[in-house]
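See structure below.
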Amino acid sequence: MKKRWENQNLCGIGRREARTSFYRDSQEMISLNGEWRFLYLEAPELSPQGFEKAKTDEAWDTIDVPSVWQLRGYDSMHYTDTEYLFPLDPPYVPTKNPTGIYKKTVYLSKEWTKQDTILRFHGVDSAFDVWVNGQYVGYSKVSRLPSEFDITNYVNEGENDITVRVYKWSDGTYLEDQDMWWLSGIYRDVELINEPKQAIYNCAADGSLDESFKDGIFTADITLKQAEGEGNYILEYNGNKVMQGDFRTDDGTVHLEERIPDVKKWTAETPELYLLTVTAGQHTIQVRIGFRKIEIKDGNFRVNGQVILLNGVNHHDYNPKEGRCVTYEQEKNNVILMKQHNINAVRCSHYPANEYFYDLCDEYGLYVIDEADLECHGFELVKNYQWITDDPAWEQAYVDRSVRMVKRDRNHPSIIMWSMGNESAFGCNFRRAAEEIRKLDPSRMIHYEGDYEAEVTDVYSTMYTRVKRLEEIAESKSKGGKPHILCEYGHAMGNGPGGLKAYQDMFRKFKRLQGGFVWEWYDHGIYAEENGKTYYRYGGDYGDFPTNENFCIDGLLMPDRTPSPGLLEYKQVIAPVEITKVPGKKTEILVKNYYDFRSLDCIVLNWALEEDGMPIQEGTIDTLHTEPHGKEKMTIPVQPFELAENKDYYLRVKACLKEDELFAEAGHIISDVQFLLEIRRDVLTEREKKEKLQIWEERGFLTVENEEITAKFHTVFGKLLSIEKGGRVYLADGPEMTVYRATIDNDMYKKHDWMNKCFIQTGSERTIHFDCKEMEDKVVITIGKYFGCVNQSWGFACEYEYTVFSSGQVRVSIDGKTVQRGKMEPEFLPRIGVCMKASKDLQQTVWYGMGPGESYPDSKAASVMGIYRNTVDGMHTDYVFPQENGHREHVKWFGLSDGNQTMLCKAESALGLNIANYTDESLEKARHPHEIKKSSHVIVHLDRHHSGLGSNSCGEEQLEEYKVKRQDFSMTFTFSIVDAGKEIKEARKQYLD
């Protein structure tokens, strides 16, 4: 005989039929959140006799609800992406089945017991039984959906004992193999409801539109608990009555339908909501209604007749201290952050969220793909992907998950698609689930990426599709010509994703492509402290095996809720207001409106004329009227001005909200762009001549010196050893070529070849020649070097030329010629540049280049040119898993200072820059930020070329134009020691030589 928790056809015992969630409910409720007695067991069969009876819990522990017991010291933490944690034998699960018995006493008054008592669990992982006052009530499963039990006949006035036995493993676990931590327990809210005898059981309300998209079509299907009943309803908009009426029924059901003239329409851009209030007897409920119409026409899905583009993100319930336990406040903050970063859609991956999440999406305006709590990814690993998906014996289990989701969530206008699950192959059970969804709700689209032929879905969905393949899909009529979305792309693991603009350009270019959802919103790191330092754990940190380690650290939002550079990049790439400069015009711009429903009346343009990134003229344009999908040209009213010497000029334009909106205040930046004006007044001056330079050489050391500068070289090893002034060392180790960067997560599939075949981390230079030439006011040292890596036939013949000027400057010119004497080499290199070491006490930074945050060749839309100040540690981006970070593109000069003196370095042409208090090697070895071994020097990288990021941890690798190939290169930069605060003035000087 099967155990209850090993019977896939037993979806519940004593559980009420699923029903819609209400926005507000007048019924009295008692929250059962808080302290419960708790007994942890290794298997349910070990439950003590009589555990379900009252007062048997004196020796038990206590636990807070909601929570997951693994984060309360029970069981063990374990993360996998795809693997199940036990042998596959569906529907059977291990005998060792961690079990938690929860017990709580609740007092009920005499008045309470006159009505019905409903016990509601919003989420329990993975299956559970319930007893009340020692009597068995029922059983339920599906971890991310609510379960309600009518316990009226089990409770009494006074004290009542509620016992819940929760099983970590059940047959349902085979359907819940999502990419996340394995966590168990009562992790969502629990409550008792005092339900009137005459109550509203269900109210499925909908707001659609007529064929002209002008008038609203209101419908509602109301179900009462009793067959005979009467009541009334009111529909309001902003407190104003739109319609009202009475109803009477003798079969417990009521159907309402009415036309609403000139209705305010709901979209993610204009989330207009009406409030429906229904009263029957003593019971009143409220439902918010958004009038909108979803349809597919001419190969595109449309909202209110308009083709829409989804700029979305995948969302898990997650909290770094509480696991899957989240709060309304956190989810509200998530939704606001999404809106502030131009995100207009969210996919609930891969299970239904808390009910209030949809309320927030309705209110703030986000399109939602609501997804059933279903994933069987582990079966793919054993090459039997359809094991239960195409087994009719599991049909009821599959259908139940979709049907209960639809019944709960169908009142939410934000939901535009029902998704049947994720990564579970395709078969007969999905066909049946699609049928049942359409019976319940034909007004929305059906989604499931695993339906590879789009047989039963309304959209053709793929994940991590490469750009080239995406273009092929866009230009084809495959899969019935159905509209396409990327349900996952832009894997935001660690430093990345790069290349987002290439995808956005495709979405905006091709009619069939209707956007996508970046994977994912939030890093799943677990909060930890060690020696007073905070860090975040991931798979393997608890000794868990097998594990996918830091594959759960893949969000746009870091665990401490800091927006990652990837999120800032995504915001700019998907900005609905695009501003470009009209070719050949200095101050004329083209504004494109990518909103689907809003004109740009809501936007002001704040512009500035910038001099080396600093504003010298500013103004506002508040006369935009661009219609949706329209564009207009305008001239920025820059006033005549005189060019200053040796300065760059930029036009900066920010598109900002004109007025306060629900998610942001007036002035919030939607888009921020900057254009170089190709105007410049170059003034060259003669370099000062100072005291004659002295040269001496001893045992391989050569020193060039006067009172302004001391430069030391090694004639054997052929390198600059230091730059000093006044007896103090500023540059402690001169430039040496490198092609290595600490690997990022998106390099994971290249790392082995780079480091174990091509040994790029072992680069070294061999001296070919060393020459010193003394001139009137300078000394020129020329060094020939060969750069290569261990056992490699490829490399670079490099000519270093150091010019030491009597004025105290040291110019470095490097010319590298690529060499290949064999056939094997890396497909591309992380970088081509040099690495240097500066004195450790130079901890203040200043630079003129892209900023303020990090930027890379394929991820720099959120950065603009300017003069920025920071600290060496402030240049670091604190990724949960240490990796290459903090790079700044297009740097023209930088300085390192102790607050008194600054070592200034000016590039002849812009270079890439990294400054850090650690080496690449220590970054590579560390598994957490606090494990990064600090260097005794400040480490400086200057790159002629630096590869992009891509998102190849799961998806597109770096596009070809962002791969650094083995190639010739040259770079020139000049060092000088200047007073702190004078860096800008000194950096602007240009010399004849």
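So that you can map any letter, position 436 of the sequence shown is 449 in the working numbering, and since no number is skipped, the others follow by simple counting.
All C-beta atoms, glycine included, are put in the ideal place defined by N, C-alpha and C.
#1: Only counting runs of 3 or more residues, tell me where the beta strand (DSSP E) segments fall wholly within the region 548-619, in order along the chain.
#2: Tell me whether the region 354-366 and the region 578-592 touch, counting them as touching only if at least three CB pairs, one residue from each stretch, are closer than 8 Å.
#3: Would Glu974 be called buried (16 or more neighbouring beta carbons within 10 Å of its own) or exposed?
#4: With contact counted as at least three CB pairs below 8 Å, one residue from each stretch, are the region 490-497 and the region 847-860 in contact?
#5: Within 10 Å of its beta-carbon, does His889 have 16 or more other beta-carbons around it, so buried, or fewer, so exposed?
#6: In this structure, does DSSP put Val412 in helix, strand or coil?
#7: If Val348 and Cys374 are in contact, beta carbons under 8 Å, what's the gap, nearest whole angstrom?
#8: Taking only the alpha-carbon atoms, compute the straight-line gap between Asp88 and Leu917 and give it to the nearest angstrom.
#9: Within a Cβ cutoff of 7 Å, which residues of the same chain sit near Met351, ignoring the five residues on either side of it in sequence?
#10: Is the beta carbon of Ala487 closer than 8 Å to that of Leu526?
#11: Measure the C-alpha to C-alpha separation of Asn313 and Gly528 and round it to an integer number of angstroms.
#12: Quick one: Cα of Gln148 to Cα of Phe141, how far?
#13: For the region 105-131, which segments carrying the beta strand (DSSP E) assignment without a break, of at least 3 residues, lie completely within its bounds, in sequence order?
#14: To the nearest angstrom, how far is the alpha carbon of Asn146 from that of Lys66?
#15: Near Arg444, which residues of its chain fall below 7 Å by C-beta distance, leaving aside the five closest residues on each side in sequence?
#16: CA-CA distance, Val119 and Met519?
#17: When DSSP builds the beta bridges, which residues end up paired with Ser156?
#18: With a Cβ-Cβ cutoff of 8 Å, do Tyr152 and Trp49 count as a contact?
#19: Measure from the alpha carbon of Glu19 to the alpha carbon of each residue in Leu45, Asn759 and Lys154, then state which is nearest.
#20: How many whole angstroms separate the CB atoms of Gly579 and Ala505, which I take to be in contact at a CB cut-off of 8 Å?
#21: Give the DSSP-derived three-state secondary structure of Trp407 in the structure shown.
#22: Looking at Thr236 and Asn215, is the spacing between their C-beta atoms short of 8 Å?
#23: Which two residues bound the contiguous alpha helix (DSSP H) that contains Arg50?
#24: Let me check one thing: in DSSP terms, what residues is Gln914 bridge-paired to?
#25: Which whole-angstrom value describes the C-beta separation of Arg315 and Trp279, a residue pair presumed to lie in contact below a C-beta threshold of 8 Å?
#26: Can you give me the start and stop residues for the alpha helix (DSSP H) that Ser80 sits inside?
#27: Note down, in chain order, each residue of its chain lying with its Cβ closer than 7 Å to the Cβ of Arg874, except the 5 sequence neighbours on either side.
#28: Decide if the region 93-101 is in contact with the region 554-568; the criterion is three or more beta carbon pairs, one per stretch, under 8 Å apart.
#29: Between which two residues does the alpha helix (DSSP H) containing Arg445 stretch?
#30: Work out the CA separation of Lys763 and Ile845 for me, nearest whole Å.
#31: Using the Cα positions of Glu41 and Ile450, report the straight-line distance between them to the nearest angstrom.
#32: Are the Cβ atoms of Ser910 and Ala1000 separated by less than 8 Å?
#33: Among Leu670, Phe841, Thr987 and Phe783, which one has its Cα closest to the Cα of Arg611?
#34: In angstroms, rounded to a whole number, what distance separates the CA positions of Ala212 and Leu286?
#35: In angstroms with no decimal places, state the Cα-to-Cα distance between Ile321 and Asp609.
#36: I'd like to confirm the pairing. Which residues does DSSP put opposite Pro284 in its beta bridges?
Considering the structure as presented:
#1: 590-594 and 601-606
#2: yes
#3: exposed
#4: no
#5: buried
#6: helix
#7: 7 Å
#8: 56 Å
#9: Val326, Val359 and Leu379
#10: yes
#11: 11 Å
#12: 15 Å
#13: 112-121
#14: 6 Å
#15: Val469
#16: 58 Å
#17: DSSP output for Ser156 lists no bridge partner at all.
#18: no
#19: Lys154
#20: 5 Å
#21: helix
#22: yes
#23: Taken as a continuous stretch (DSSP letters only), Arg50 belongs to no alpha helix (DSSP H), being part of the beta strand (DSSP E) at Gly47 to Leu54.
#24: Asp992
#25: Incorrect: roughly 14 Å between the Cβ atoms, too far for contact.
#26: Taken as a continuous stretch (DSSP letters only), Ser80 belongs to no alpha helix (DSSP H), as it is neither H nor E.
#27: Here residue 874 is Ala; the residue named in the question, Arg, does not match the sequence. Taken in chain order, the residues that qualify are Lys514, Glu582, Gln585 and Val586.
#28: yes
#29: Cys441 to Leu453
#30: 17 Å
#31: 32 Å
#32: no
#33: Leu670
#34: 25 Å
#35: 6 Å
#36: Trp279
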